[in-house]
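Q:
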Amino acid sequence: MPSTDRQQTPPKHYTTDLTLPPFDKVLKTDRICTWILILALAMLLPSTQLVKPVDELTVIALIALALTDSAVNSAWRRYSLLWVMTGIMALYAAYSITAVSYNTPYAIAVDYLIQLKPYIAFAVFVAVGPRFTDADRRILRAIAVVNAITAAAISAFSNQTVQLLIMHISIVGITAVISFAVWLLCSIRPDGSISATDKAMAFMLLALGLPSGRAKFFGTCVVCLYFILVYMRIRRPIRPSRQLLTAIVVGGLVAAVGWNKFRFYFIDLGYDLRGGGGGIENLARPALYAAALLIMISRIPFGSGLASFASHASGEIHYSKVYYEYGLNHVYGLTPAQPDFICDAYYPSLAQLGLAGVALFIAFWIYVAAKLRRIRRTLAQGKALFAIAWIIILFMLIESIASTTLVQPPGVVSMMLLGIICSATPPTYGSHTSGNQS
108 MPSTDRQQTP PKHYTTDLTL PPFDKVLKTD RICTWILILA LAMLLPSTQL
158 VKPVDELTVI ALIALALTDS AVNSAWRRYS LLWVMTGIMA LYAAYSITAV
208 SYNTPYAIAV DYLIQLKPYI AFAVFVAVGP RFTDADRRIL RAIAVVNAIT
258 AAAISAFSNQ TVQLLIMHIS IVGITAVISF AVWLLCSIRP DGSISATDKA
308 MAFMLLALGL PSGRAKFFGT CVVCLYFILV YMRIRRPIRP SRQLLTAIVV
358 GGLVAAVGWN KFRFYFIDLG YDLRGGGGGI ENLARPALYA AALLIMISRI
408 PFGSGLASFA SHASGEIHYS KVYYEYGLNH VYGLTPAQPD FICDAYYPSL
458 AQLGLAGVAL FIAFWIYVAA KLRRIRRTLA QGKALFAIAW IIILFMLIES
508 IASTTLVQPP GVVSMMLLGI ICSATPPTYG SHTSGNQS
């Protein structure tokens, strides 16, 4: 059991009790969630192209677990966050069918599950708070190593082979970042430190993502370097003014790394003005962002509804009427015959939920940040957990600029990891007592 910070008294509403909750009388939800995470991580690469329904099956299993646990152990209040999230999205589904009706009820139902996937994973893992045994940590770290090496090896093949096996070269970088986070999460000692050897191994896994060559990956690398090599070494609390300055500097470095790509898409509008290529195939993403802003302005406060814009269900399941309304049906990659680029970035899809949805999205991350701040101040391992959690958060936020990673298998796995860290009674990851629950 990790010791708490002696200089600060934990709030009365917060507990550092690491024993299993009393409602696990019949169902061992702790163990079930741990194995769901292990299986989801093991299937991370196959789920991108070869076994695509993995994330949906994972989320359905988590919902079934929550419902069963609530019924068997009378633990309904334990999953309050889950019921609130599913309830809010159900209201949006009803609004999408009755008030705007840009797509079919089936497409709306599919989008309902897609948009909820990462938040369901987070909510269930926050409620259960799985504890890792030494065996769990060994398995998770072994899978992380295999995933990162396999992804890097695949990147050495032709583009056709990469597309066949993992869909896109960016998956190499995404896999490396998740492997980096998993290794560190399973390497925290009871006193909150991480050995130099484990840090070196984690950065070796991260380096295996370099073949992805994506600005998003390099931006995330800046975040990883800061939190592990700088933030973790700071002994004294940082003054608010210095925190702001640090955030500006790190944010500036991330922006500098991704500036060329940002300028290419959003300033040059997909054309290399120096004559280096580009063309109409690169217009889809800026068009989605521009249309998303127009939708939010014209449909205050609830947006265009589920399955209507910039989501998989709005193009692949059934083509949404919104694209005709805003003239996007003529943009390359957004047409009814070729909707390949419709699901190309996460943030434009928030137009489906309008300004109210954007406010809820921001409120969710504020809620997460508040939990992390409390964990950092309360537990001996809090600083390490805080650092890893923010790496995961910023990784997903950066990825969401130009991909829908958040609602795909890597996003579901990332949110499960974040849920473990944010659980009300944080588990201890660094105990070396073999076979005992940490």
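For the sequence shown, the working numbering begins at 108 and goes up steadily by one.
Idealized CB from N, CA, C, for every residue including glycine.
Keep in mind the model is a prediction, meaning the values are calculated, not measured.
(1) Taking DSSP as the reference, what is the three-state secondary structure of residue 413?
(2) With burial defined as no fewer than 16 other Cβ atoms inside 10 Å of the residue's Cβ, what is the status of residue 437: buried or exposed?
(3) Considering only residues of the same chain and omitting the five flanking positions on each side of residue 501, which have a CB-CB separation below 6 Å?
(4) Determine the DSSP secondary structure at residue 486, reduced to helix, strand or coil.
(5) Beta carbon of residue 198, beta carbon of residue 173: below 8 Å?
(6) In this structure, how does DSSP classify residue 187 when only helix, strand and coil are distinguished?
(7) Along the chain, where does the alpha helix (DSSP H) containing residue 423 start, and where does it finish?
(8) In terms of alpha-carbon separation, which member of 406, 488, 149 and 525 lies closest to residue 256?
(9) Compare the beta carbon distance of residue 223 and residue 196 with 8 Å and say whether it is the shorter of the two.
(10) On the DSSP letters alone, give me the boundaries of the alpha helix (DSSP H) that residue 522 sits inside.
(11) Between the region 275-282 and the region 319-337, are three or more C-beta pairs nearer than 8 Å?
(12) Is the region 298-305 close to the region 249-263, with three or more CB pairs under 8 Å?
(13) So, do the region 409-417 and the region 211-227 have three or more beta carbon pairs nearer to each other than 8 Å?
(14) Check whether the Cβ atoms of residue 459 and residue 272 lie closer than 8 Å to each other.
(15) Work out the CA separation of residue 494 and residue 142 for me, nearest whole Å.
(16) Is it true that the region 229-247 meets the region 444-461, where meeting means three or more beta-carbon pairs spaced less than 8 Å apart?
(17) Could you name the residues of the same chain whose beta carbon sits closer than 8 Å to that of residue 355, not counting the 5 residues immediately before and after it, in chain order?
(18) Can the beta-carbon of residue 519 be found less than 8 Å from the beta-carbon of residue 153?
(19) Would DSSP call residue 160 helix, strand or coil?
(20) How many angstroms separate the CA atom of residue 404 from the CA atom of residue 473?
(21) I'd like the span of the alpha helix (DSSP H) that includes residue 217, first residue to last.
(22) Start and end of the alpha helix (DSSP H) containing residue 326?
(23) With a CB to CB cut of under 7 Å and the five nearest residues on each side skipped, what residues in its chain are close to residue 288?
(24) Count the other C-beta atoms from every protein chain shown that fall within 10 angstroms of the C-beta of residue 529, then say buried if there are 16 or more, exposed otherwise.
(25) Could you check the C-alpha separation between residue 151 and residue 282 for me, to the nearest Å?
A: Walking through what the data contain:
(1) The three-state secondary structure of residue 413, taken from DSSP, is coil.
(2) exposed
(3) 330
(4) strand
(5) Not a contact, by the Cβ cut-off of 8 Å.
(6) In this structure, residue 187 counts as helix in the three-state DSSP scheme.
(7) It is not in any alpha helix (DSSP H) - residue 423 carries neither H nor E in the DSSP assignment.
(8) 149
(9) yes
(10) 516-529
(11) yes
(12) no
(13) yes
(14) no
(15) 24 Å
(16) no
(17) Short of 8 Å from the beta carbon of residue 355, and not among the five residues preceding or following it, lies no beta carbon of its own chain.
(18) no
(19) coil
(20) 24 Å
(21) Residue range 212-235 is occupied by the alpha helix (DSSP H) that includes residue 217.
(22) 322-332
(23) These residues qualify, in order along the chain: 495, 498, 499 and 524.
(24) buried
(25) 8 Å
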